[in-house]
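A.B. asks: Residue numbers (this note's numbering), protein chains in the order written: chain P, 820 to 894; chain V, 22 to 425.
Note that beta-carbon positions come from the ideal geometry of N, C-alpha and C, so glycine has one too.
1) Measure from the alpha carbon of residue 837 (chain P) to the alpha carbon of each residue in P:852, P:826, P:829 and P:828, then state which is nearest.
2) Considering only C-alpha positions, which residue in the set V:138, V:45, V:86 and V:88 is nearest to residue 100 (chain V)?
3) Can you pull the DSSP bridge partners for residue 385 (chain V)?
4) Return the chain-ordered ranges of every beta strand (DSSP E) run that is complete within the region 27-94 of chain V and spans a minimum of 3 residues.
5) Check for me: the alpha helix (DSSP H) holding residue 143 (chain V) runs from which residue to which?
6) Return the first residue and the last residue of the beta strand (DSSP E) that residue 421 (chain V) is part of.
7) Indicate whether the contact test is met: 3 or more Cβ pairs, each with one atom in the region 243-250 of chain V and one in the region 190-197 of chain V, closer than 8 Å.
8) Where residue 233 (chain V) and residue 224 (chain V) are concerned, what is the direct C-alpha to C-alpha distance, given to the nearest angstrom?
9) Under 8 Å, do residue 339 (chain V) and residue 409 (chain V) count as touching if we go by C-beta distance?
10) Just reading off the beta strand (DSSP E) that residue 184 (chain V) is part of, what are its end residues?
11) Does any residue of chain V bring its CB to less than 8 Å from the CB of residue 841 (chain P)?
12) Does residue 872 (chain P) pass the burial test, meaning 16 or more other C-beta atoms within 10 Å, or should it be called exposed?
13) Tell me whether the beta-carbon of residue 342 (chain V) lies closer than 8 Å to the beta-carbon of residue 33 (chain V).
14) Of the choices P:832, P:885 and P:863, whose alpha-carbon is the least far from that of residue 824 (chain P)?
15) Is it true that the region 25-42 of chain V meets the region 264-273 of chain V, where meeting means three or more beta-carbon pairs spaced less than 8 Å apart?
16) Give a yes or no on whether 8 Å exceeds the smallest Cβ distance from residue 90 (chain V) to chain P.
17) Compare the C-alpha of residue 73 (chain V) against each of V:171, V:105 and V:262 and name the closest.
18) Skipping 5 residues on each side, what residues in its chain have a beta carbon closer than 8 Å to that of residue 296 (chain V)?
19) Whose CA, out of V:417, V:199, V:313 and V:153, lies closest to the CA of residue 137 (chain V)?
20) Residue range of the beta strand (DSSP E) that residue 876 (chain P) falls in?
21) Grab the span of the alpha helix (DSSP H) containing residue 398 (chain V) for me, first residue to last.
22) In the region 844-874 of chain P, which residues sit with their C-beta less than 8 Å from some C-beta in chain V, listed in chain order?
23) Could you pull out every unbroken beta strand (DSSP E) segment of at least 3 residues lying fully inside the region 823-858 of chain P, listed in chain order?
24) Can you name the residues of chain V whose CB is closer than 7 Å to the CB of residue 834 (chain P)?
25) Going by DSSP, name the residue or residues bridged to residue 149 (chain V).
26) Got a sec? Which residues, its chain only, sit under 8 Å from residue 181 (chain V) by beta carbon, not counting five neighbours each side?
27) Report the residues of the region 45-62 of chain V with a CB closer than 9 Å to any CB of chain P, ordered along the chain.
Next up, the structure:
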């Protein structure tokens, strides 16, 4: 399993994560920040457990995030 | 026009004598990655402070915009109008168009790279003030200003269009700041306010055939020195420019205060007729005490096509060391109480106090007291007092100013 976490408030809406995995990330047209699809919020951090096949694309999302707010862990 | 990247800097700009300030909110400004960033809820407080001090307030909304940014952009422009922000500084046509629709004044950002009179004429459909390209010479600036009068180019307000130029602060190697390097190397777009400053680093050129490496002339070949125009400010005023902008929303309050007050004094002295090379020398010495990469005159005098830095980081002649935090202020005695949190402080030390309401205070320690008893030195962990000319607060930080 893979856990993806995101500190949404710090997102600058650059779209890099969407380019990496458009099925897991979507920019909200409301506030221009990116939403982790399916993520649950706890104290500002959004997280979700996903299957291993999502690891590569979301690793890219975390590496490409200019404000380093996406973390990815493999179990 | 002074930069206000934080409430500290905003007060520092006011204390320095600025006529106006510019600032950004949320993620649609060119200092998105800055540690301090205002949010929409701060807008009314910023405008209140500006109005109270008779300053104009300008909101930067000048990143490139994607479709998903439009709703936020509109909300920012709406709130800026509701709260009474003097104008938004825009580079994307979507902002200009929307602001015009709802009747919020617009300034054209330097990101639009205005280099000729016909562009001025075009943007006059949207704005009364436009920032000219940083790469123009003063002759070109002057010619544009003359032509505005001759052609009677008027903005939406019905008055002649005014021009603004950058007068002091960081310059980068990209034309009008439009740079791809940061996005290329770090997926961190400079045009979304997230520049990682690739141009400030030193690079080595490698001969692919032999692997031989050259460190080019030992210079930071892409790192431009900082713009400083204080020694030819009279020529800038003669060129017909209406607004002089100081760069530095990412800089500290003491930087904002010193640069603003130097340029304020210089402009006033030109008006009074007392502008002199002796004064310029003093101002330049003061400007060199805060962050700088060495100074040059930009492209305005048309002599050099670029002057590059020879070292990394600041060339400031002084630096700040954090030593204590504010506790209380005794109004009648004009005495401030602080808690020493690092290093030490002794009589004769030059200090600077900054805070979100205090702004910035520069002073010298004349007398130090612990439990109301005079002492020569204060060490870490002690509460101490000394005379401070203005009110200090618990949110304030005290820095010792030392030789760099």
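C.D. replies: The short version:
1) Locating residue 837 (chain P) in the first chain gives position 18, counting from the first residue. Looking only at P:852, P:826, P:829 and P:828, the smallest Cα-Cα distance to residue 837 (chain P) is reached by P:852.
2) For the purposes of this step, residue 100 (chain V) is taken as the residue at position 79 of the second chain. With distances taken between Cα atoms, residue 100 (chain V) lies closest to V:45.
3) Position 364 of the second chain, counted from the start, is the residue given in the question as residue 385 (chain V). Answer is V:371, bridged to residue 385 (chain V).
4) 41-45 and 77-82
5) The sequence position of residue 143 (chain V) within the second chain is 122, counting from 1. Unbroken alpha helix (DSSP H) run through residue 143 (chain V): 138-144.
6) As a position in the second chain, residue 421 (chain V) is number 400, starting the count at 1. That run of the beta strand (DSSP E) goes 418-424.
7) yes
8) Position 212 of the second chain holds residue 233 (chain V). Position 203 of the second chain holds residue 224 (chain V). Their backbone Cα atoms lie some 14 Å apart in a straight line.
9) What you label residue 339 (chain V) is simply residue 318 of the second chain in a count that begins at 1. What you label residue 409 (chain V) is simply residue 388 of the second chain in a count that begins at 1. The answer is no: Cβ separation not under 8 Å.
10) In the second chain, the residue the question calls residue 184 (chain V) occupies position 163. Per DSSP, residue 184 (chain V) belongs to the beta strand (DSSP E) from 183-190.
11) As a position in the first chain, residue 841 (chain P) is number 22, starting the count at 1. Not an interface residue.
12) Position 53 of the first chain, counted from the start, is the residue given in the question as residue 872 (chain P). Exposed.
13) As a first step, residue 342 (chain V) is located in the second chain; it is residue number 321 there, counting from the start. As a first step, residue 33 (chain V) is located in the second chain; it is residue number 12 there, counting from the start. No.
14) Position 5 of the first chain, counted from the first residue, corresponds to residue 824 (chain P). For residue 824 (chain P), the nearest C-alpha among the options comes from P:863.
15) yes
16) As a first step, residue 90 (chain V) must be located in the second chain, where it is residue number 69. True, the Cβ-Cβ gap to chain P drops below 8 Å.
17) Residue numbering aside, residue 73 (chain V) sits at position 52 when the second chain is read from its first letter. Measuring from the Cα of residue 73 (chain V), the nearest candidate turns out to be V:105.
18) Locating residue 296 (chain V) in the second chain gives position 275, counting from the first residue. Same-chain partners within the cutoff: 254, 255, 287 and 290.
19) By 1-based counting over the second chain, the position of residue 137 (chain V) is 116. Of the candidates V:417, V:199, V:313 and V:153, the one whose C-alpha sits nearest the C-alpha of residue 137 (chain V) is V:153.
20) The sequence position of residue 876 (chain P) within the first chain is 57, counting from 1. From DSSP, residue 876 (chain P) is part of no beta strand (DSSP E) but of the alpha helix (DSSP H) over 874-883.
21) On the second chain, position 377 is the one that residue 398 (chain V) refers to. That residue, residue 398 (chain V), is in no alpha helix (DSSP H); its beta strand (DSSP E) goes 398-400.
22) 846, 847, 848, 849, 850, 851 and 852
23) Those beta strand (DSSP E) runs which fall completely within the region 823-858 of chain P and span 3+ residues are 844-846 and 853-855.
24) Counted from its first residue, the first chain places residue 834 (chain P) at position 15. Neighbours of residue 834 (chain P) across chain V, judged by C-beta separation under 7 Å: 87.
25) The sequence position of residue 149 (chain V) within the second chain is 128, counting from 1. Residue 149 (chain V) pairs with nothing; no bridge assigned.
26) Locating residue 181 (chain V) in the second chain gives position 160, counting from the first residue. The answer, listed in chain order, is 169, 170, 173, 174 and 175.
27) 47, 48, 49, 53 and 54
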